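Engineer:
2 protein chains.
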Amino acid sequence: MSKQAEFAVILKMNPMFADLGADELQRLSNLCHTQHLANGEVLFQKGDAGDALFGVRRGQVRIETGASDGSRLTLNFMGPGDLFGEVAVLDGQDRTADATAGEASELFVLRREDFLGFLEREPKVAIKIISLLCQRIRWQSERMEESMLQPLPVRLARRLCALAADFGSEVHISQEQLGVFVGAARESVNRQLQAWRKEAILDLQRGRILLRNMTKLTAIARNE
Amino acid sequence: MSKQAEFAVILKMNPMFADLGADELQRLSNLCHTQHLANGEVLFQKGDAGDALFGVRRGQVRIETGASDGSRLTLNFMGPGDLFGEVAVLDGQDRTADATAGEASELFVLRREDFLGFLEREPKVAIKIISLLCQRIRWQSERMEESMLQPLPVRLARRLCALAADFGSEVHISQEQLGVFVGAARESVNRQLQAWRKEAILDLQRGRILLRNMTKLTAIARNE
DNA sequence: AAAGTTATGTGACTTATGACACACTTCCCC
DNA sequence: GGGGAAGTGTGTCATAAGTCACATAACTTT
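Shown next as structure tokens:
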């Protein structure tokens with residue numbers, strides 16, 4: 611499979627591009643480049659211009675932010691097949707976090723200028739993108755309100771399920787960071803995790819959570 | 611001033627269209643129609659196709675939703691100069707609430723098909739709209755998380771300030787509805803309002819709130 | 001004007017979660 | 001291998017809000 615075809619598959623998996631036709635997707639994929647990153651290499655930093663969209667071909671990229679106390683908090687892990695910077699490529703606003711390669715990686719890069727040129731040549735695609743952005747706006751306002759109002763166990767279960775999608779059943783994250791993710795105190799996170807350990811839903815190790823019973827966990831995430 | 615020029619002014623006031631050039635705005639305004647509504651007449655209902663954007667020329671339109679128990683909750687009031695359905699006109703999704711004229715009204719109507727045709731002819735405008743939608747997405751995700759985490763008094767103050775922008779200092783809304791707005795129990799809303807009444811920030815009447823001291827209220831909304 | 005209906009005011013209780021305090025463990029580095 | 005530093009486990013307490021249960025007050029309908 612060609613590089614471009616591989617990128618097209620990744621785009622297709624993202625809701626933002628899922629509804630594009632095969633032909634449109636192909637023409638778009640043809641605009642992509644690739645870029646290699648060594649382990650620990652910085653892809654972009656907070657404040658950089660958001661001038662490209664990235665897709666992970668292989669390796670891992672960590673999205674993280676420097677906290678005020680100097681410590682770093684990982685906000686997200688992007689693995690093969692993940693796409694990030696979709697919004698930045700459309701509006702060019704500055705990055706709001708840092709991105710660093712967690713291991714030697716290869717990325718697909720779609721530059722903003724190329725993408726905008728494409729949209730200008732294909733207004734029908736622009737209109738589709740507009741629809742998708744609108745959906746996202748609606749979706750966000752529905753989900754957000756809903757999900758922030760959920761009790762901590764639900765939010766926590768949802769986040770663990772999401773992480774499991776990236777990591778498999780062994781999630782490598784500290785309880786502190788998990789707390790930041792779900793907007794809760796570290797202690798509260800710990801107590802909930804303990805409760806679940808007693809129910810054999812998961813096991814705990816230092817800096818690691820082993821998900822034993824995804825069925826129960828997703829049930830909790832769906833709020834019973 | 612022509613009808614179209616009047617509509618252009620309304621569009622210009624909305625963040626979604628504020629960045630369009632005068633010429634683009636004019637061509638867009640030329641696509642508008644007007645529509646008259648008698649007092650109590652229904653403009654659209656939940657589930658209808660979102661096939662147009664509306665601007666209020668004169669009168670008042672209530673956006674409301676039928677609650678499960680059959681009672682109606684007013685979600686918003688649109689007065690002269692207000693625009694609604696901006697997102698629907700772009701993505702055509704179904705209305706998520708009902709709209710009824712609160713008095714005899716005249717509306718500007720911009721139909722979805724006309725608007726999409728316009729975007730297709732002017733891809734540069736489409737790209738601008740895309741940027742604006744992206745901004746909105748970012749804005750939403752920032753504000754939302756932040757604002758749901760705020761304590762009730764802050765959320766309540768913010769909502770009251772927003773309502774004041776539409777109503778002036780005499781906000782006509784029940785405490786029950788206010789509770790729905792800010793996602794809190796009616797009783798909690800009442801207790802907070804009582805506290806503010808004692809501080810002379812506002813006065814309470816049946817179905818009505820009189821804002822006495824907007825300075826203090828906005829200070830609270832900004833979280834001290 | 002009597003009766004019913006809706007909106008408001010308030011007290012008592014419950015619950016979820018944050019805050020603080022500290023013990024214990026594991027890892028890392030010199 | 002000793003001494004941090006970082007991560008984790010738990011108890012105690014404080015607090016914000018929700019829930020329930022009424023009492024009242026204000027409008028509506030007949």
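Residue numbers (this note's numbering), protein chains in the order written: chain R, 611 to 834; chain U, 611 to 834.
The beta carbon of each residue, even a glycine, is placed where N, CA and C say it ideally should be.
Every value quoted in this text rests on a predicted model; they were computed, and no experiment measured them.
Does U:Arg748 have its Cβ less than 8 Å from a Cβ in chain R?
Structural biologist: As a working mapping, residue 748 of chain U is identified with position 138 in the second sequence. Chain R, which has a Cβ nearer than 8 Å to the Cβ of U:Arg748, makes this yes.
Engineer: Would you be able to state if there are at least three C-beta pairs under 8 Å between the segment 712 to 730 of chain U and the segment 730 to 750 of chain R?
Structural biologist: Touching, per the Cβ criterion.
Engineer: For R:Glu620, which of R:Leu630, R:Leu693, R:Ser612 and R:His646 has the nearest alpha-carbon?
Structural biologist: Against the first sequence, residue 620 of chain R aligns to sequence position 10. What sits at residue 620 of chain R in the sequence shown is Ile, not Glu. Among R:Leu630, R:Leu693, R:Ser612 and R:His646, the Cα nearest to that of R:Ile620 belongs to R:Leu693.
Engineer: Going by DSSP, what residues sit across from U:Met623 in a beta bridge?
Structural biologist: Here residue 623 of chain U corresponds to residue number 13 of the second sequence, with the count starting at 1. None, per the DSSP bridge assignment.
Engineer: Note down, in chain order, every chain R residue with its Cβ under 9 Å from the Cβ of U:Asp701.
Structural biologist: Here residue 701 of chain U refers to the residue found at position 91 when the second sequence is read from its first residue. In chain order: Ile740, Ser741, Leu742, Leu743, Cys744, Gln745, Ile747 and Arg748.
Engineer: Using 8 Å as the Cβ pair cut-off and three pairs as the minimum, do the segment 779 to 789 of chain U and the segment 817 to 826 of chain U touch?
Structural biologist: Taking 8 Å as the limit for Cβ pairs, the verdict is that the segment 817 to 826 of chain U does touch the segment 779 to 789 of chain U.
Engineer: According to a CB-to-CB cut-off of less than 9 Å, which residues of the segment 708 to 737 of chain U neighbour chain R?
Structural biologist: Of all residues in the segment 708 to 737 of chain U, Leu726, Leu729, Glu730, Arg731, Glu732, Pro733, Lys734, Ala736 and Ile737 have a Cβ within less than 9 Å of some Cβ in chain R.
Engineer: Less than 8 Å between CB atoms is the rule here; does U:Gly793 satisfy it with respect to chain R?
Structural biologist: As a working mapping, residue 793 of chain U is identified with position 183 in the second sequence. So yes, U:Gly793 belongs to the interface.
Engineer: Tell me which residue opens and which closes the beta strand (DSSP E) that R:Ser639 is part of.
Structural biologist: Here residue 639 of chain R refers to the residue found at position 29 when the first sequence is read from its first residue. Careful: R:Ser639 lies outside any beta strand (DSSP E), inside the alpha helix (DSSP H) at Ala632 to Ser639.
Engineer: Would you call the segment 702 to 711 of chain U and the segment 712 to 721 of chain R in contact, with 3 or more CB pairs under 8 Å?
Structural biologist: As far as the Cβ criterion goes, the segment 702 to 711 of chain U does not touch the segment 712 to 721 of chain R, which means the pair count is below three.
Engineer: Short of 7 Å Cβ to Cβ, which residues in the segment 756 to 780 of chain R face chain U?
Structural biologist: Per Cβ criterion, the list reads Met758 and Leu759.
Engineer: If distances are taken between C-alpha atoms only, which option among U:His643, U:Met626 and U:Glu786 comes closest to U:Arg667?
Structural biologist: One-based indexing of the second sequence puts residue 667 of chain U at position 57. U:Arg667 has its Cα closest to that of U:His643, out of U:His643, U:Met626 and U:Glu786.
Engineer: Using only the alpha-carbon positions, how far apart do R:Val699 and R:Ala659 sit?
Structural biologist: One-based indexing of the first sequence puts residue 699 of chain R at position 89. One-based indexing of the first sequence puts residue 659 of chain R at position 49. Roughly 10 Å separates the two Cα atoms.
Engineer: What does the alpha-carbon distance come out to for the pair U:Gln645 and U:Leu663?
Structural biologist: Taking the first residue of the second sequence as position 1, residue 645 of chain U is located at position 35. Taking the first residue of the second sequence as position 1, residue 663 of chain U is located at position 53. Straight-line Cα distance between these residues: approximately 12 Å.
Engineer: Could you work out which residues of chain U lie near R:Met754, taking near to mean beta carbons separated by less than 8 Å?
Structural biologist: By one-based count along the first sequence, residue 754 of chain R stands at place 144. Chain U residues near R:Met754: Gln750, Ser751, Met754, Glu755 and Met758.
Engineer: Looking at the C-beta of R:Val799, does it have a partner C-beta in chain U at a distance below 8 Å?
Structural biologist: Within the first sequence, residue 799 of chain R is the residue found at index 189, counting from 1. So no, R:Val799 is outside the interface.
Engineer: Work out the CA separation of U:Ile830 and U:Glu752 for me, nearest whole Å.
Structural biologist: Your numbering for residue 752 of chain U matches position 142 in the second sequence. Your numbering for residue 830 of chain U matches position 220 in the second sequence. Whole-angstrom Cα-Cα distance: 19 Å.
Engineer: Does the segment 741 to 748 of chain U come close enough to the segment 806 to 814 of chain U to have 3 or more Cβ pairs within less than 8 Å?
Structural biologist: Taking 8 Å as the limit for Cβ pairs, the verdict is that the segment 806 to 814 of chain U does not touch the segment 741 to 748 of chain U.
Engineer: Out of U:Asp633, U:Glu674 and U:Trp806, which one is the CA nearest neighbour of U:Leu770?
Structural biologist: Locating residue 770 of chain U in the second sequence gives position 160, counting from the first residue. Here the closest residue by C-alpha is U:Trp806.
Engineer: What residues are listed by DSSP as bridge partners for U:Asn686?
Structural biologist: On the second sequence, position 76 is the one that residue 686 of chain U refers to. U:Ile673, per the DSSP bridge assignment.
Engineer: On the DSSP bridge list, what partners appear for R:Gln815?
Structural biologist: The residue given as residue 815 of chain R occupies position 205 in the first sequence. Per DSSP, R:Arg818.
Engineer: Does U:Val671 have its Cβ less than 8 Å from a Cβ in chain R?
Structural biologist: Locating residue 671 of chain U in the second sequence gives position 61, where the first residue counts as 1. No, U:Val671 lies away from the interface with chain R (no Cβ there is under 8 Å from its Cβ).
Engineer: Report yes or no: is there a C-beta of chain R within less than 8 Å of the C-beta of U:Val790?
Structural biologist: Position 180 of the second sequence, counting from 1, holds the residue named residue 790 of chain U. No, because no Cβ of chain R sits closer than 8 Å to the Cβ of U:Val790.
Engineer: Name the two residues that bound the continuous alpha helix (DSSP H) containing U:Gln804.
Structural biologist: As a working mapping, residue 804 of chain U is identified with position 194 in the second sequence. Run containing U:Gln804: Arg796 to Lys808, per the alpha helix (DSSP H) assignment.
Engineer: Would R:Gly669 and R:Ala615 qualify as a contact pair, given that the criterion is a beta-carbon distance under 8 Å?
Structural biologist: The residue given as residue 669 of chain R occupies position 59 in the first sequence. The residue given as residue 615 of chain R occupies position 5 in the first sequence. Taking 8 Å as the Cβ cut-off, R:Gly669 and R:Ala615 do not qualify as a contacting pair.
Engineer: Thinking C-beta only, is R:Leu641 closer than 8 Å to R:Leu720?
Structural biologist: In the first sequence, residue 720 of chain R corresponds to position 110, counting from 1. In the first sequence, residue 641 of chain R corresponds to position 31, counting from 1. Yes, they are a contact pair.
Engineer: For R:Gln787, which option in R:Lys738, R:Leu762, R:Asn686 and R:Asp633 has the closest C-alpha, if you only look at C-alpha atoms?
Structural biologist: One-based indexing of the first sequence puts residue 787 of chain R at position 177. Among R:Lys738, R:Leu762, R:Asn686 and R:Asp633, the Cα nearest to that of R:Gln787 is on R:Asn686.
Engineer: Determine whether the beta carbon atoms of R:Gln804 and R:Leu762 lie at a separation below 8 Å.
Structural biologist: Numbered from its first residue, the first sequence carries residue 804 of chain R at position 194. Numbered from its first residue, the first sequence carries residue 762 of chain R at position 152. Going by C-beta atoms, R:Gln804 is not nearer than 8 Å to R:Leu762.
Engineer: Since U:Gln785 and U:Val799 are thought to touch, with beta carbons under 8 Å apart, how far apart are those beta carbons, to the nearest angstrom?
Structural biologist: Within the second sequence, residue 785 of chain U is the residue found at index 175, counting from 1. Within the second sequence, residue 799 of chain U is the residue found at index 189, counting from 1. Right, the Cβ-Cβ distance comes to about 5 Å (below 8 Å), so this counts as a contact.
Engineer: Since R:Val697 meets chain U, which of its residues come closer than 7 Å, beta carbon to beta carbon?
Structural biologist: Position 87 of the first sequence, counted from the first residue, corresponds to residue 697 of chain R. Within 7 Å Cβ-Cβ: Cys744, Ile747 and Arg748.
Engineer: Using 8 Å as the threshold, is the C-beta distance between U:Leu638 and U:Lys622 below it?
Structural biologist: Along the second sequence, one-based indexing puts residue 638 of chain U at 28. Along the second sequence, one-based indexing puts residue 622 of chain U at 12. No, Cβ-Cβ distance for U:Leu638 and U:Lys622 is not below 8 Å.
Engineer: So which of U:Leu630, U:Leu827, U:Ala709 and U:Asp724 has the shortest CA-CA distance to U:Gly657?
Structural biologist: The residue you call residue 657 of chain U lines up with position 47 of the second sequence. Checked all of U:Leu630, U:Leu827, U:Ala709 and U:Asp724; the closest Cα to U:Gly657 is U:Ala709.
Engineer: If you run the structure through DSSP and keep just helix, strand and coil, what is U:Arg746?
Structural biologist: As a position in the second sequence, residue 746 of chain U is number 136, starting the count at 1. Here U:Arg746 sits in helix by DSSP.
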